[in-house]
Amino acid sequence: IGWVINMPRKSALGLTGDQTERLGRAIAVRRAVLRLDRKDLAAQSGLSYPYVHQIEKGTRTPSVPVLKRIAAVLDITDSDLLALAADMPSLDDAKRVTGRA
């Protein structure tokens with residue numbers, strides 16, 4: 007019989023789906039303000055383009071170390087990036103305001 011050891015994941019942020027989506031949009035907005043394209047963010051942070059794309063689309067939650075790498079490229083602290091994400095409206099709220107489904 008083999009033993010299964012449940013090791014804790016590396017510094018999980020523990021965000022909900024909505025929070026993950028807001029974080030992704032905050033990263034995309036900050037990147038746009040700095041006139042960086044996604045390819046540049048991926049290269050400068052040492053991450054793959056598909057992974058950065060998934061983070062920005064809210065389908066993947068970055069670990070704390072990955073968030074810190076992204077934040078460094080975006081010239082912002084990870085805590086300020088999370089605060090920016092918290093201030094982002096949800097997609098549902100944005101759709102209601104714009105009248106788009």
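In our numbering, the protein residues as written are 7 to 107. Using N, Cα and C, we set each Cβ at its ideal position, and we do this for glycine too.
Residues in its own chain within less than 6 Å of residue i by CB, not counting five upstream and five downstream?
{"i": "Asp24", "result": "Ser96"}
{"i": "Arg31", "result": "Met94"}
{"i": "Ser51", "result": "Arg75, Ile76 and Val79"}
Can you tell me the Cα-Cα spacing of residue i and residue j, whole angstroms?
{"i": "Arg15", "j": "Glu27", "result": "With a pLDDT of only 44 at Arg15, under the threshold of 50, the placement of this residue in the model should not be trusted; the figure read from the coordinates follows. So the alpha carbons of these two residues sit roughly 20 Å apart."}
{"i": "Asp46", "j": "Leu40", "result": "11 Å"}
{"i": "Leu21", "j": "Thr67", "result": "7 Å"}
{"i": "Ile61", "j": "Leu29", "result": "8 Å"}
{"i": "Ile33", "j": "Thr65", "result": "13 Å"}
{"i": "Leu90", "j": "Ser69", "result": "17 Å"}
{"i": "Val35", "j": "Lys63", "result": "12 Å"}
{"i": "Arg37", "j": "Leu19", "result": "21 Å"}
{"i": "Ala48", "j": "Leu42", "result": "10 Å"}
{"i": "Asp81", "j": "Tyr57", "result": "20 Å"}
{"i": "Ala92", "j": "His59", "result": "20 Å"}
Have a look at the options and flag the residue whose alpha-carbon is nearest the alpha-carbon of residue i.
{"i": "Tyr55", "options": "Arg44, Lys63, Gly64 and Thr65", "result": "Arg44"}
With a threshold of 8 Å on Cβ separation, who are the neighbours of residue i within its own chain once the five nearest residues in sequence on each side are excluded?
{"i": "Asp86", "result": "Ala77"}
Scan the segment 37-98 and note each continuous alpha helix (DSSP H) run of 4 residues or more that stays entirely inside, going in chain order.
44-51, 55-63, 70-79 and 84-93
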